[in-house]
Every structure is written in C-alpha cells, then in structure tokens.
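Engineer: Protein chains in written order, with the UniProt record's numbering: chain A, 1 to 140; chain B, 1 to 140. Ideal Cβ placement from N, Cα and C applies to all residues, glycine included. Can you keep this structure in mind? I'll have questions shortly.
Number of protein chains: 2
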Amino acid sequence: MNAPVSSPALTKNQTLVFDVLDRSEAPMSAYTILDKLRDHGFRAPLQVYRALDKLTEFGMVHRLESLNAFVACAHRESSCCGAGHGHGTVAFAICESCSQVMEFHDHAVDHRLGDWAKSKGFKPSKTTIEIRGLCQTCAA
Amino acid sequence: MNAPVSSPALTKNQTLVFDVLDRSEAPMSAYTILDKLRDHGFRAPLQVYRALDKLTEFGMVHRLESLNAFVACAHRESSCCGAGHGHGTVAFAICESCSQVMEFHDHAVDHRLGDWAKSKGFKPSKTTIEIRGLCQTCAA
DNA sequence: GCAATTGATGTAATAACATTACATTTCAAA
DNA sequence: TTTGAAATGTAATGTTATTACATCAATTGC
Chain A
1 MNAPVSSPAL
11 TKNQTLVFDV
21 LDRSEAPMSA
31 YTILDKLRDH
41 GFRAPLQVYR
51 ALDKLTEFGM
61 VHRLESLNAF
71 VACAHRESSC
81 CGAGHGHGTV
91 AFAICESCSQ
101 VMEFHDHAVD
111 HRLGDWAKSK
121 GFKPSKTTIE
131 IRGLCQTCAA
Chain B
1 MNAPVSSPAL
11 TKNQTLVFDV
21 LDRSEAPMSA
31 YTILDKLRDH
41 GFRAPLQVYR
51 ALDKLTEFGM
61 VHRLESLNAF
71 VACAHRESSC
81 CGAGHGHGTV
91 AFAICESCSQ
101 VMEFHDHAVD
111 HRLGDWAKSK
121 GFKPSKTTIE
131 IRGLCQTCAA
C-alpha cells in the first residue's frame, strides 16, 4: 500500500511537461512551456495542452484560472489530509509582484463552502480559490 | 446620504454594456456582448473591454475567471454588509449545465482566508472564489 | 501470430479571448 | 476659451485554447 493515489506512469510528453513546471519558480502558460520544450521536439500547443490535461486529472498540476497558467502541485506524497494527491479544494495565494505562488488547504473554508452548497442543493465538481496580492517579501 | 457608493453616472458605452449583462440569464463573454451591441454602433472588442473595466471597478460587474466571462452584480443597493457595492469577497456557484450563476458572500470564509493571509504576511488585493458544478435543478 | 481496440502523438488550421498603439472627441474645470 | 482628463473609435496584433484529422504504439482477444 501507500502507492501513489492517482499517478500512473507518465508518458514521455507528460514527464517533459511536468518536469518543466516542477522546476519553475513561477506559474507558466502553456505557450511558455511549449517554448521550453521545442528542443525536445515539441512543435504545437496541443502537445502541451494534452499533457496538462492529464497531469491536472492526476492532481499533479493545478491550473490558476486568474492567470491562465499552470503550476506543479506543491504537495508531495501523502500530505496532511489523506494520502498524496486527491485531497479537497486547494487554494492559492499569488504574488503579483514576484509571481510566487503559495498553495494551501483550509478545511474550515472547504467545509463552509460545502455547507453553502448543500443548503442550496448545489453539487460542486471543482472549486477555485485564488488570492491575488503581495507576498510578505514584496509587501515590505 | 445613502448615495450609491461607487457608481458615478455611467457613460453611454458603460450603460449599454451593463444593460446587456443585467438582462442576461447567463454570464457573457466580451465578444458575445460585442455582438449584441453591433446594432448600437459597437465595432471593436476594446469598446467592450473598456466598459467592463470600469463597471468592474465600480463593483457593478464581476469577472468569472474560470469562464472568461462577465456577470452583472447580483447585489442590489445596500445589501447585507455595508452600503451597496464595495463589500468583501464575492463567491460564485456556476452551473455547468444551465449556466446559471449564484452569487453569495460568506463572512466566515472571508475571515478564514484573511487570517491565513495575515499569518503569512500576504496582502490580498483580490480574491476569487468560484464553485463549478450542477445547480439543484440540473442535478436532479 | 494477428486483427481490433484504445490511448498517445504529430501537425495544421482556426477559434476565442485580450491588449497595444494611435487618432479623435467630449466635457467640465480653470 | 483654453486646456486637461476621460471617453471613444479603429486597426492591428498578441495570447490562449480547441477542432479536425492522420499516424503510431501498446494491449487484448481470438
């Protein structure tokens, strides 16, 4: 047991895309990723989008909706709330100055939004929480 | 007193764009709005984007980041938390079947995210909360 | 072994969303 | 009445994402 929850062996393209994202300090757009991978034979956006779709499905990559960009999941195997990836809603704090992204969970927030949904009969499929602003360093 | 908090008289284009959004059941993209306003002399996307920028600034329109689309603010003058627009973070529940959007506040969520930010020294400027899923009717 | 199916890939073209740059107009305040 | 700020008009371009279709590779069932 304790095998990766939802990360089957990655294909070549998925590995390339994940590695680029994982090594990046900042979120990257699909086209920026494409440019980084031209040397590895990537020629078209679809190659990137397809890999991103799968990686997102596996929970290894997150899409930042307010940026139209992507980040590698910051949670390593088996974090706080259950084994590995596949946890509840993830929230992001995005620094508009240095582009650093902090990823976090908040059970209370999850729970509260869940309660709201339940009270309205709304069935959530995906929840986005993104805080834009200035990180401690940049705000100083 | 009790004058609108942040809604100076709208210009012609702002009024046209707001009216289209306000009458719509569903969120609209900038280009959809443009098409609706061709009869009124709109020719270019920028006319729409400029109006949307101002309306968003006034708090009369919200951008749905996960849809790249816009909705008129559902809160009428002087809602629960302070006078009119200009309240805290607004959250959205977006039905992926019928496109209906529910707008709501949750002080507890606001507060919780605010506390997280404070604990990290992060200074929020704008917070996005969007729940995608199925509304009660469509989930049935 | 070998068709049949399924998932991944390659490529081109196009669609959808958004901004830059620059010229012109409007209108209220000095 | 000038003048300065905001709004507008228009064209061109930049950025993000998808559709369509052909090919390739691995697995499965026979």
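Quick check: the stretch 96-105 of chain B against the stretch 20-28 of chain B, are at least 3 beta-carbon pairs closer than 8 Å?
Structural biologist: Judged by Cβ distances under 8 Å, the stretch 20-28 of chain B makes contact with the stretch 96-105 of chain B, as three or more pairs qualify.
Engineer: Over the uninterrupted beta strand (DSSP E) stretch that includes F18(A), give me the two end residues.
Structural biologist: Per DSSP, F18(A) belongs to no beta strand (DSSP E); it is in the alpha helix (DSSP H), 12-23.
Engineer: What residues in its chain sit with their C-beta under 8 Å from that of I131(A), if we drop five residues either side in the sequence?
Structural biologist: A91, F92, A93, I94.
Engineer: Report the rounded CA-to-CA distance for T137(B) versus P124(A), giving the unit in angstroms.
Structural biologist: Each residue's alpha carbon lies about 13 Å from the other.
Engineer: Could you check whether L55(B) and V61(B) sit closer than 8 Å to each other, using their CB atoms as the reference points?
Structural biologist: Yes; because the gap between Cβ atoms is below 8 Å, this pair is in contact.
Engineer: Would you mind sorting A72(B) into buried or exposed? The rule is 16 or more other CB atoms within 10 Å of its CB.
Structural biologist: Buried: at least 16 other Cβ atoms inside 10 Å.
Engineer: Does DSSP classify S79(B) as helix, strand or coil?
Structural biologist: For S79(B), the predicted structure reports a pLDDT of 47, less than 50, and the residue's modelled location is therefore unreliable. The matter cannot be settled from this model.
Engineer: On the DSSP letters alone, give me the boundaries of the beta strand (DSSP E) that P45(A) sits inside.
Structural biologist: Run containing P45(A): none in the beta strand (DSSP E); it sits in the alpha helix (DSSP H), 45-57.
Engineer: Whose C-beta lies closer than 8 Å to the C-beta of R63(B) among residues of the same chain, with five residues either side of it excluded?
Structural biologist: Excluding sequence neighbours, R63(B) sits near L52, T56, A69, F70.
Engineer: Look at the alpha carbon of D39(B) and the alpha carbon of K118(A), and state the distance between them as a whole number of angstroms.
Structural biologist: C-alpha separation (whole angstroms): 43 Å.
Engineer: What residues of chain B sit near Q136(A), judged by a beta carbon separation below 7 Å?
Structural biologist: By Cβ distance, chain B contributes K120, G121, F122.
Engineer: For a test of the three-state rule: what should DSSP assign to V109(A), helix, strand or coil?
Structural biologist: Helix.
Engineer: Please confirm whether A139(A) and G121(B) have their CB atoms less than 8 Å apart.
Structural biologist: Cβ distance < 8 Å, so A139(A) and G121(B) count as in contact.
Engineer: Suppose the cutoff is 8 Å on Cβ atoms and the five residues either side in sequence are ignored; what does the same chain contact list for V20(B) look like?
Structural biologist: Answer for V20(B): M28, I33, K36, L37, listed in chain order.
Engineer: By the three-class DSSP mapping on this structure, what secondary structure does C95(A) have?
Structural biologist: Correct three-state label for C95(A): strand.
Engineer: Look at D106(B) and R112(A) and say whether their C-beta atoms are less than 8 Å apart.
Structural biologist: It is a contact, given that the beta carbons lie within the stated cut-off.
Engineer: What's the call for C80(A), buried or exposed, on a 16-neighbour Cβ count within 10 Å?
Structural biologist: For C80(A), the pLDDT reaches just 46, beneath the cut-off of 50, and the residue's location in the model is therefore unreliable, leaving the point undetermined.
Engineer: Classify T89(B) as helix, strand or coil using the three-state DSSP reduction.
Structural biologist: T89(B) falls in the coil class under three-state DSSP.
Engineer: By the 10 Å Cβ neighbour count, where 16 or more other Cβ atoms means buried, how is L46(A) classified, buried or exposed?
Structural biologist: Label assigned to L46(A): exposed.
Engineer: Against chain A, which members of the stretch 105-118 of chain B pass a CB distance test of less than 7 Å?
Structural biologist: Going along the stretch 105-118 of chain B in chain order, one finds D106, A108, V109, R112, L113, W116, A117 with a Cβ nearer than 7 Å to chain A.
Engineer: Do you know how far the Cα of D110(A) is from the Cα of L16(A)?
Structural biologist: Each residue's alpha carbon lies about 33 Å from the other.
Engineer: Is the Cβ-Cβ distance between P103(B) and T128(A) less than 8 Å?
Structural biologist: The question names Pro, but residue 103(B) in the sequence shown is Glu. No.
Engineer: With DSSP run on the structure shown, which of helix, strand or coil describes P26(B)?
Structural biologist: Sequence inspection shows Ala at residue 26(B); the Pro mentioned does not correspond to that position. In the structure shown, A26(B) sits in coil (DSSP, three-state: anything other than H, G, I, E or B).
Engineer: Along the chain, where does the beta strand (DSSP E) that runs through A74(A) open and close?
Structural biologist: Counting along the chain, A74(A) falls outside any beta strand (DSSP E), and DSSP gives it neither H nor E.
Engineer: Give the interface partners of G133(A) over in chain B, defined as CB-CB distance under 9 Å, in chain order.
Structural biologist: Within chain B, the residues near G133(A) are A117, F122, K123, P124, S125, K126, T127.
Engineer: Please decide whether S99(A) counts as near chain B, where near means a Cβ-Cβ distance under 8 Å.
Structural biologist: Chain B, which has no Cβ nearer than 8 Å to the Cβ of S99(A), makes this no.
Engineer: Identify every residue that forms a DSSP beta bridge with A69(B).
Structural biologist: Beta-bridge pairing links A69(B) to L64(B).
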